[in-house]
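Asker:
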Amino acid sequence: MLLVGVGSPLAAQDASAVAEAFETYRTAILASDGEAALDAVDAASVAYYGTMLDLALDADSARVARLPLLDEVMVIALRVRVPADTLRQMDGRSALAYGVAQGWIGRESVEQTRIGRVTVTGDSAWAEVRSGGQVVPKLRFSFSREADGWRFSLGALQALMSDHLTLWAKQSGMTDAELVRAMLLSVSEKPITPDAWSPVGR
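According to our numbering, the sequence shown holds residues 4 to 205 in order.
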């Protein structure tokens, strides 16, 4: 059952729209439908992929090494898993759509997931995350109200992934570069060579 954090009819309408936005996103991920995902996510999510794309094209190894671990994984993934000529033709929207179509945002992140209580504050909303009928502790999904309605934000998922990567790095004793290689090799058969830390170039 969907619960609303602000007791007004307008807030209830917003919460219903937030739930619909999540279902649109969830359906797109399960179908690996990149174009549908673009209709479900907010501008900040698209902008993030645009930034990662620019870094993949332009950032040298020193710059990449200074990135947060999740961003480093994203940059190297783009360099390794997308043909250079394709990468050069992309923008943030097409990069995000490509990632969804290729299954980079895993089905497991949403397959058994629903949202519960929604709290609406102005043009932002947060929703508790439920899996198997239970609330997932310390995880909330975020949404943004844009000109054409509510949109899912990838920010909360990215923050969770970043925390997990940081913890994994500490527990494993691996360097960031070793961790990036291990992650990408687990999902791709392509070799991860030192060239992956060099810019693709425009």
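Positions of the beta carbon are idealized from the N, C-alpha and C atoms, including for glycine.
The model shown is predicted, which means the values in this text are computed figures rather than measured ones.
Could you check whether residue 120 and residue 131 sit closer than 8 Å to each other, using their CB atoms as the reference points?
Answerer: Indexing the sequence shown from 1 puts residue 131 at position 128. Indexing the sequence shown from 1 puts residue 120 at position 117. Result yes, Cβ atoms of residue 131 and residue 120 sit closer than 8 Å.
Asker: Can you find the residues in the same chain that come closer than 6 Å, C-beta to C-beta, to residue 17, ignoring five residues on each side of it along the sequence?
Answerer: As a working note, residue 17 is residue 14 in the sequence shown. Cβ contact annotation for residue 17 (same chain, cutoff 6 Å, sequence separation greater than five): 123, in chain order.
Asker: Where in the stretch 144–197 do unbroken runs of the alpha helix (DSSP H), each at least 4 residues long, occur, reported from the N-terminal end onward?
Answerer: 158–175 and 179–188
Asker: Rounded to whole angstroms, what's the CA-CA distance from residue 78 to residue 63? Just pull it up for me.
Answerer: For the purposes of this step, residue 78 is identified with residue 75 of the sequence shown, where counting begins at 1. For the purposes of this step, residue 63 is identified with residue 60 of the sequence shown, where counting begins at 1. In a straight line, the C-alpha of residue 78 is about 11 Å away from that of residue 63.
Asker: Taking 8 Å as the threshold (C-beta atoms), are residue 156 and residue 145 in contact?
Answerer: By one-based count along the sequence shown, residue 145 stands at place 142. By one-based count along the sequence shown, residue 156 stands at place 153. Against a cut-off of 8 Å, the Cβ pair of residue 156 and residue 145 comes out as a contact.
Asker: If you pair each beta-carbon of the stretch 22–35 with each one of the stretch 78–91, do three or more pairs fall below 8 Å?
Answerer: no
Asker: Just checking my contact of residue 172 with residue 188 at CB under 8 Å: how many whole Å lie between their CB atoms?
Answerer: In the sequence shown, the residue the question calls residue 172 occupies position 169. In the sequence shown, the residue the question calls residue 188 occupies position 185. Actually they do not touch by this definition, with Cβ atoms about 16 Å apart.
Asker: Would you check if there are 3 or more beta carbon pairs closer than 8 Å linking the stretch 97–108 to the stretch 39–57?
Answerer: In short, these stretches touch, since the Cβ pair count reaches three.
Asker: Under three-state DSSP, which class holds residue 95?
Answerer: For the purposes of this step, residue 95 is taken as residue 92 along the sequence shown, with counting starting at 1. Looking at residue 95 - three-state DSSP - the assignment turns out to be helix.
Asker: Closest to residue 143 by CA distance: which of 151, 133 and 152 is it?
Answerer: Here the question's residue 143 lines up with position 140 in the sequence shown. By alpha-carbon distance to residue 143, the top candidate from 151, 133 and 152 is 133.
Asker: Per DSSP, residue 131 forms a beta bridge with which residues?
Answerer: As a working note, residue 131 is residue 128 in the sequence shown. Paired residue(s): 143.
Asker: With 16 other CB atoms within 10 Å as the buried threshold, where does residue 114 fall?
Answerer: Here residue 114 corresponds to residue number 111 of the sequence shown, with the count starting at 1. Answer is exposed; the Cβ neighbour count stays below 16.
Asker: Can you list, in chain order, the residues of its chain whose CB lies under 8 Å from that of residue 71, leaving out five sequence neighbours each side?
Answerer: Here the question's residue 71 lines up with position 68 in the sequence shown. 165.
Asker: I need the straight-line Cα distance from residue 96 to residue 40, nearest angstrom please.
Answerer: On the sequence shown, residue 96 is found 93 positions in, with the first residue counted as 1. On the sequence shown, residue 40 is found 37 positions in, with the first residue counted as 1. About 10 Å.
Asker: With distance defined between alpha-carbon atoms, name the residue in 30, 33 and 43 nearest to residue 150.
Answerer: Against the sequence shown, residue 150 aligns to sequence position 147. Cα-wise, what sits closest to residue 150 is 43.
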